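Number of protein chains: 2
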Amino acid sequence: MKKIFKGDIIYTKNPNSFEVNKDSYLIVEDGVVKEICRYLESIPSDCEYLDYTNKLIIPGFVDIHLHSSQFFNIGLGMDKELIPWLNTYTFPEEAKFRDLEYAKTAYSKFVIDLVNKGTTSSVIYSTIHKESTMLLMDLLDKANLRAYVGKVNMDRNTIDELCENTNDSIKETEEIILSSNSNRVKPIITPRFVPSCSKELMEGLSKLAIKYNVPVQSHLSENTNEVKWVKELHPDIENYASVYNKFGLFGQTKTVMAHCIYTSDEEIELMKKKGVFAAHCAISNFNLSSGIMPVRKYLDYGVDVGLGSDISGGNTLSIPQSIVSTIQASKMKWLESNKKLYPLSFSEVFYMATKGGGKFFENVGSFESGYNADLLIIDDSNLLDFNKFDCLERLQKYIYSGNENNIKAVYVNANKLNR
Amino acid sequence: MKKIFKGDIIYTKNPNSFEVNKDSYLIVEDGVVKEICRYLESIPSDCEYLDYTNKLIIPGFVDIHLHSSQFFNIGLGMDKELIPWLNTYTFPEEAKFRDLEYAKTAYSKFVIDLVNKGTTSSVIYSTIHKESTMLLMDLLDKANLRAYVGKVNMDRNTIDELCENTNDSIKETEEIILSSNSNRVKPIITPRFVPSCSKELMEGLSKLAIKYNVPVQSHLSENTNEVKWVKELHPDIENYASVYNKFGLFGQTKTVMAHCIYTSDEEIELMKKKGVFAAHCAISNFNLSSGIMPVRKYLDYGVDVGLGSDISGGNTLSIPQSIVSTIQASKMKWLESNKKLYPLSFSEVFYMATKGGGKFFENVGSFESGYNADLLIIDDSNLLDFNKFDCLERLQKYIYSGNENNIKAVYVNANKLNR
Numbered sequence: 268m269k270k271i272f273k274g275d276i277i278y279t280k281n282p283n284s285f286e287v288n289k290d291s292y293l294i295v296e297d298g299v300v301k302e303i304c305r306y307l308e309s310i311p312s313d314c315e316y317l318d319y320t321n322k323l324i325i326p327g328f329v330d331i332h333l334h335s336s337q338f339f340n341i342g343l344g345m346d347k348e349l350i351p352w353l354n355t356y357t358f359p360e361e362a363k364f365r366d367l368e369y370a371k372t373a374y375s376k377f378v379i380d381l382v383n384k385g386t387t388s389s390v391i392y393s394t395i396h397k398e399s400t401m402l403l404m405d406l407l408d409k410a411n412l413r414a415y416v417g418k419v420n421m422d423r424n425t426i427d428e429l430c431e432n433t434n435d436s437i438k439e440t441e442e443i444i445l446s447s448n449s450n451r452v453k454p455i456i457t458p459r460f461v462p463s464c465s466k467e468l469m470e471g472l473s474k475l476a477i478k479y480n481v482p483v484q485s486h487l488s489e490n491t492n493e494v495k496w497v498k499e500l501h502p503d504i505e506n507y508a509s510v511y512n513k514f515g516l517f518g519q520t521k522t523v524m525a526h527c528i529y530t531s532d533e534e535i536e537l538m539k540k541k542g543v544f545a546a547h548c549a550i551s552n553f554n555l556s557s558g559i560m561p562v563r564k565y566l567d568y569g570v571d572v573g574l575g576s577d578i579s580g581g582n583t584l585s586i587p588q589s590i591v592s593t594i595q596a597s598k599m600k601w602l603e604s605n606k607k608l609y610p611l612s613f614s615e616v617f618y619m620a621t622k623g624g625g626k627f628f629e630n631v632g633s634f635e636s637g638y639n640a641d642l643l644i645i646d647d648s649n650l651l652d653f654n655k656f657d658c659l660e661r662l663q664k665y666i667y668s669g670n671e672n673n674i675k676a677v678y679v680n681a682n683k684l685n686r
Numbered sequence: 268m269k270k271i272f273k274g275d276i277i278y279t280k281n282p283n284s285f286e287v288n289k290d291s292y293l294i295v296e297d298g299v300v301k302e303i304c305r306y307l308e309s310i311p312s313d314c315e316y317l318d319y320t321n322k323l324i325i326p327g328f329v330d331i332h333l334h335s336s337q338f339f340n341i342g343l344g345m346d347k348e349l350i351p352w353l354n355t356y357t358f359p360e361e362a363k364f365r366d367l368e369y370a371k372t373a374y375s376k377f378v379i380d381l382v383n384k385g386t387t388s389s390v391i392y393s394t395i396h397k398e399s400t401m402l403l404m405d406l407l408d409k410a411n412l413r414a415y416v417g418k419v420n421m422d423r424n425t426i427d428e429l430c431e432n433t434n435d436s437i438k439e440t441e442e443i444i445l446s447s448n449s450n451r452v453k454p455i456i457t458p459r460f461v462p463s464c465s466k467e468l469m470e471g472l473s474k475l476a477i478k479y480n481v482p483v484q485s486h487l488s489e490n491t492n493e494v495k496w497v498k499e500l501h502p503d504i505e506n507y508a509s510v511y512n513k514f515g516l517f518g519q520t521k522t523v524m525a526h527c528i529y530t531s532d533e534e535i536e537l538m539k540k541k542g543v544f545a546a547h548c549a550i551s552n553f554n555l556s557s558g559i560m561p562v563r564k565y566l567d568y569g570v571d572v573g574l575g576s577d578i579s580g581g582n583t584l585s586i587p588q589s590i591v592s593t594i595q596a597s598k599m600k601w602l603e604s605n606k607k608l609y610p611l612s613f614s615e616v617f618y619m620a621t622k623g624g625g626k627f628f629e630n631v632g633s634f635e636s637g638y639n640a641d642l643l644i645i646d647d648s649n650l651l652d653f654n655k656f657d658c659l660e661r662l663q664k665y666i667y668s669g670n671e672n673n674i675k676a677v678y679v680n681a682n683k684l685n686r
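Heads up: the protein sequence lines correspond to chains F and E, in order. Count along the first sequence from 1, add 267, and you get the number used in my numbering. Count along the second sequence from 1, add 267, and you get the number used in my numbering.
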C-alpha cells in the first residue's frame, strides 16, 4: 500500500542541520519511507494521497525514559529530592497498580495523552505488577503506538508492597517476554536502579536479557545522595556504571540509562565502549533538584543521547517542552562550566528528540529511505502573523510556543492514530 | 454593587503559606474584596451571585516585566545572547511599530493572549513610538486590564530607526503622561537600559518622573557583557545600579528593575534602601543564556520581587510557566551555591506571581479586605482522577500541568473580561 504525504517536510539526518523540503512529497510504501520528492508529475492512481499543504510534517517524537504509572502524580510533590520523593509520592502510587481496574483507568488516560502529545515511540517503566504491565502493553498496541515496556524489578530498599521475591521477579519477567508477540510493543528488562536490586536479581535479569536478546533500561547517577548510596552498597566496585556492567546489565544487550548527571569520564567511556544510550531528562532533573547533565560531554565522547520526559519527575509528557528545557539547561551548563561545554543547538536537540532516541528502536525518527513513517502533521497557522517565516522559524515557533493543539494528526507506519 | 463568588478560594497573604478557603464565599463590593466567609445563611437579594462550586478561585496573575512589541517574535532567535539577540531580532521588529496598522494588529493579538493566559496586571514596555504606545494603552483599557505601559526611551547605541533625539524623547514621554487618564492603565517612565540612554536623557526622564510622580522601569545586570559595557560607558560610577541612582531613576519614584542577575551585595542593599522592586525573569534568563538570579538573596535582604515573562526573551506570556521555571531555576541555584541559597517554595513563588508583583500596583494580588477583586476561575476537572486531592495539590497540579484552557473566567475588579 502506497501513501503520499504532501507538506513542508522537516527532519534531521544528522545533529548539526535540518533537512527542509518545502512543499514536497513524502512517499511511503507499506508504512516505510521510500523517498521525498520536490516535484511529482501526477499522483499515481493506486496510492492514497494526503494533502497537508502548508502544514509542517515532522517525525513523531521519541521519549526514551518515562514512568507510565506516575501519570496521575504529574505536578505533585515538586518540593522534594529523589529519595524522599520516591518514598513519599512515587512508591505509594505505584503500589496501586496491583489493582487491574486502577491500572486500566490510569494507563488508558496515559496512552491518550501520549498520542495527543505526538509521542509515537517510547521506552516505558510500568510497575512490578505483571498483569497491569501486560495490560499496558496491550493498550499501547491497540493505540498503534511503538514502545518498549518494562515490568519493574525490585527486591530490596523499597516499601513492603513493592518488594518482590527475587525468583518470582525473574520468573514473571520471563513470562512477559514469552507471552509478548507484538511487532511494535516489546518487553524491556527493567531493574529499577542498583539500590533496589540485589546481585542475584541483577544476575538473573542479565541471563534473561541475553537468552531472549531483550534490551535493558535503568537509572544511573541521577542524584549525589543516590551515587553515595550505591558506593555504600557496593564498596568493592569502582563506580555506579560498573555495578551494572559487572552483573551483565550494561550493553550486553541494547541498554539505555536515564539521567547520567554525576557520571565520571571513565563511566562515559564505558558507555561509549558498550554502546549504552543515555536518556536525558532535563525537566525532571530541574524539578527534583538533581542537577544538569553535561550532555555536550556525552556527544563529544560519541555516546547516543535521546530525550526522556521522565514523568512524573518531569511534569509533562510533552517532548517539545523537553526540547526547550534541554536547550535551556545546556545554556546554564555552559555558564557553569566557564563556557567550556558549549550550549546545545536547536537542531542537535531536535535530533535527540527524534532520530537520536529513535536509534534505540530500529529505523525510527527520520524520513530517510527505509525509516518507519511515524510522523506528525503540525498546523501552526495560529502561531503565524503577516510576517514571513521560513520553515525552520515556523518549527522553532511551534516547539517554543505551540502546544498539542497544533498537532493535527499523528501517524505510525503511515497509519493515522485515533485522538 | 455587591458580588459574591463561591468556590475553593486560594491566595497568599505572606510568602510562606497559602490561605485556603474551601467551598467559601468571596464578598466583593464595588470591585473590591470585602471579606471571605465560610458560611452564608442566605444570598442577599441585592447582589450578584456567581456560583463556581468545585472550581479554584485564585488572584489574577501579575507580570511585572514584558515587551509587548516582541509578541510576534515569541519562539524566534533562541540561539543568541542578549546583545546580538537585540540587534538581530528585537530592534528590527520594534522598528515596525512606527506603522500604526502593524501596531494595531500586533497589540490586539497581544492583549487577547494576555487575557487568555490570566494575566490581569502587567508592567509593559512598548517601543519608542508615541502613537502606538497610546494605542496599546487604549487597547488594554478597553480590555479592562490593569497595566503600566512605558514608551521606550533610547538615544544611543541602537539601530538608526530606533534612535531618538534626546529632547523629542523626553517631550513625547511627557505628552503621553499628560494625555493619560485611565485609572487602570497608566504611564511608566522607561529608559530601556543604561547603554541606550545618555546622561541627559536619564536626567530629563528623572525630572518627569518626579514632577508627575510617575513610576520607572528599566533593566539591570542581565548579562555579564552588558555589565562590562555599562562599566566602560560610566567608568566613574561604582556600579550599574548607581548609574540609575545618580541620574535619578532608582527609587526616586516607585521603580522596578528587570533581571538583576549579576548585582553586587552593595547594589542589592541600595535596592532595599530605595524600595526598588526586582522583576525575576527566569524563562528569559534561561533562553538568552543570561544566568540564574539569586532570588533567595534578594528575599533575605527584604527586596520586593515579582515575576516577569519578559517576552520575547521569555517564550510565553504564561505566568504559571514562569512559576515552574522560577522554582526550577532556584533549585539549580541551590546546587550551584553549594546548597547555601535554599530553593524557593511553591508558596513563595505563587506569592511573587500575585501579591509580590501586585505590590507594585496598589492592593493587587491578594484577597485580603480592600484588595482589588482581580481573580481567575480555574476549572481543573480534566486534571483530576479518582484519587482525592486537596485544594493545594489541585493548585500545584494546575500550575505544573494545566494550561490556559483551565482558566474558565477572568475578572478584574469583579468585572468579567471578554475572551
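Just so it is clear, CB atoms sit at the ideal spot from N, CA and C, and this is done for glycine as well. For clarity, every value in this text was computed on a predicted model and none was experimentally measured.
Per DSSP, which one or two residues make a beta bridge with Q588(E)?
Your numbering for residue 588(E) matches position 321 in the second sequence. The partner list for Q588(E) (beta bridge, DSSP) is empty, contrary to what the question assumes.
Would a C-beta distance cut-off of 8 Å place E431(E) and N420(E) closer than the cut-off?
Counted from its first residue, the second sequence places residue 431(E) at position 164. Counted from its first residue, the second sequence places residue 420(E) at position 153. Cβ distance < 8 Å, so E431(E) and N420(E) count as in contact.
I'd like to check one pair, A414(E) with S388(E): are the Cβ atoms closer than 8 Å?
As a working note, residue 388(E) is residue 121 in the second sequence. As a working note, residue 414(E) is residue 147 in the second sequence. Yes, Cβ-Cβ distance for S388(E) and A414(E) is below 8 Å.
Nearest neighbour of I395(F), chosen from K521(F), M599(F), L429(F) and V562(F) [CA to CA]
The residue labelled residue 395(F) in the question sits at position 128 within the first sequence. Minimum Cα distance to I395(F) is reached at L429(F).
Would you say P610(F) faces chain E, with C-beta separation under 8 Å as the test?
The sequence position of residue 610(F) within the first sequence is 343, counting from 1. Yes, its Cβ sits closer than 8 Å to a Cβ of chain E.
Taking 7 Å as the cut-off, is the beta-carbon of S633(F) closer than that to any non-hydrogen atom of the ligand FAD?
Looking for the ligand FAD in the displayed structure turns up nothing, as the structure carries no ligands at all.
Under a CB-based cut-off of 8 Å, is Y529(F) close to chain E?
For this step, residue 529(F) is matched to residue 262 along the first sequence. For Y529(F), the answer is no, since every Cβ of chain E falls outside 8 Å of its Cβ.
Which whole runs of the beta strand (DSSP E) in the stretch 302-326 of chain F are 3 residues long or more, in chain order?
314-326
Give every residue of the same chain whose Cβ lies closer than 7 Å to the Cβ of K280(F), excluding the five residues on either side of it in the sequence, and list them in chain order.
Locating residue 280(F) in the first sequence gives position 13, where the first residue counts as 1. Around K280(F): E286, S633 and E635.
V591(E) touches chain F at which residues, Cβ-Cβ below 8 Å?
Position 324 of the second sequence, counting from 1, holds the residue named residue 591(E). Those are N582, listed as they occur along chain F.
DSSP three-state label for F285(E), please.
Within the second sequence, residue 285(E) is the residue found at index 18, counting from 1. Reduced to three states, the DSSP call for F285(E) is strand.
Thinking C-alpha only, which one of V481(E), F553(E), G637(E) and L472(E) is nearest V452(E)?
Here residue 452(E) refers to the residue found at position 185 of the second sequence. Looking at the Cα atoms, V481(E) is the closest of the given residues.
Assign L307(F) to one of two classes, buried (16 or more other C-beta atoms within 10 Å of its C-beta) or exposed (fewer than that).
In the first sequence, counting from the first residue as 1, residue 307(F) sits at position 40. Answer is exposed; the Cβ neighbour count stays below 16.
Is there a C-beta anywhere in chain E that falls below 8 Å from the one on M599(F)?
In the first sequence, residue 599(F) corresponds to position 332, counting from 1. Yes, contact with chain E.
Tell me the DSSP secondary structure of A640(F) in three-state form.
Sequence index remark: in the first sequence, residue 640(F) carries index 373 (1-based). In this structure, A640(F) counts as coil in the three-state DSSP scheme.
Would you kindly report the start and end of the unbroken alpha helix (DSSP H) that includes F377(E)?
To locate residue 377(E), count along the second sequence from 1; it is residue 110. Taken as a continuous stretch (DSSP letters only), the alpha helix (DSSP H) holding F377(E) covers L367 to N383.
Is there a Cβ from chain E that is less than 8 Å from the Cβ of N670(F)?
The residue given as residue 670(F) occupies position 403 in the first sequence. Chain E, which has a Cβ nearer than 8 Å to the Cβ of N670(F), makes this yes.
Quick check on K607(E): buried or exposed, where buried means 16 or more other Cβ atoms within 10 Å of its Cβ?
Sequence index remark: in the second sequence, residue 607(E) carries index 340 (1-based). So K607(E) ends up on the exposed side.
N- and C-terminal bounds of the beta strand (DSSP E) containing D330(F)
Here residue 330(F) refers to the residue found at position 63 of the first sequence. Looking at the DSSP string, the run of the beta strand (DSSP E) that includes D330(F) is F328 to H334.
Between K626(F) and G669(E), what straight-line distance do the alpha-carbon atoms span, to the nearest angstrom?
Looking up residue 626(F) in the first sequence gives position 359. Looking up residue 669(E) in the second sequence gives position 402. Taking the straight line joining both Cα atoms gives about 32 Å.
On a CA-only basis, which of K600(E), E629(E), L353(E) and P587(E) is nearest F617(E)? Give me that one, please.
The residue you call residue 617(E) lines up with position 350 of the second sequence. Checking every option, the nearest Cα to that of F617(E) belongs to P587(E).
Taking Cβ to Cβ, would you say D380(F) is nearer than 8 Å to L574(F)?
Working through the first sequence from its first residue, we reach residue 380(F) at position 113. Working through the first sequence from its first residue, we reach residue 574(F) at position 307. No. Outside cutoff.
What's the C-alpha gap between Y667(E) and G637(F)?
By one-based count along the second sequence, residue 667(E) stands at place 400. By one-based count along the first sequence, residue 637(F) stands at place 370. Roughly 39 Å separates the two Cα atoms.
Do three or more CB pairs link the stretch 549-565 of chain F to the stretch 543-562 of chain E at distances below 8 Å?
no
Neighbour list for F553(E) in chain F, Cβ cutoff strictly below 7 Å
Working through the second sequence from its first residue, we reach residue 553(E) at position 286. In chain order: Q595, K598 and M599.
Reduced DSSP category for A508(E) - H, G, I as helix; E, B as strand; rest coil
Taking the second sequence and counting its residues from 1, the one referred to as residue 508(E) is at position 241. Note: A508(E) maps to helix in three-state DSSP.
Between which two residues does the beta strand (DSSP E) holding M524(F) run?
If you number the first sequence from 1, residue 524(F) lands on position 257. Segment T522 to H526, the beta strand (DSSP E) holding M524(F).
Rounded straight-line distance, which links the Cα of V299(F) to that of I674(F):
Reading the first sequence from its first residue, position 407 is the one you call residue 674(F). Reading the first sequence from its first residue, position 32 is the one you call residue 299(F). So the two alpha carbons sit approximately 21 Å from each other.
With 8 Å set as the bound, which would you pick, yes or no: does the beta-carbon of D577(F) sit closer than that to a beta-carbon of chain E?
Taking the first sequence and counting its residues from 1, the one referred to as residue 577(F) is at position 310. False, the Cβ-Cβ gap to chain E never drops below 8 Å.
Can you pull out the residues from the stretch 346-361 of chain F whose beta carbon lies closer than 8 Å to at least one beta carbon of chain E?
D346
With three or more beta-carbon pairs closer than 8 Å as the criterion, would you say the stretch 347-363 of chain E touches the stretch 492-499 of chain E?
yes
Return no unless some Cβ of chain E is closer than 8 Å to the Cβ of N506(F).
Numbered from its first residue, the first sequence carries residue 506(F) at position 239. By this cut-off, N506(F) is not an interface position.
Under 9 Å (Cβ pairs) to chain F, residues found in the stretch 269-292 of chain E
none
Among the candidates L333(E), I294(E), F328(E) and R305(E), whose CA atom is the shortest distance from the CA of E315(E)?
Residue 315(E) sits at position 48 when you count from the first residue of the second sequence. Cα-wise, what sits closest to E315(E) is I294(E).
Indicate whether at least one CB of chain E lies closer than 8 Å to the CB of Y667(F).
Residue mapping note: residue 667(F) aligns to position 400 of the first sequence, counting from 1. Cβ-Cβ to chain E under 8 Å: yes for Y667(F).
Can you list, in chain order, the residues of its chain with a C-beta nearer than 7 Å to that of I276(F)? Leave out the 5 residues immediately preceding and following it.
Here the question's residue 276(F) lines up with position 9 in the first sequence. Same-chain partners within the cutoff: N288, S291, L293, I303, I324 and F634.
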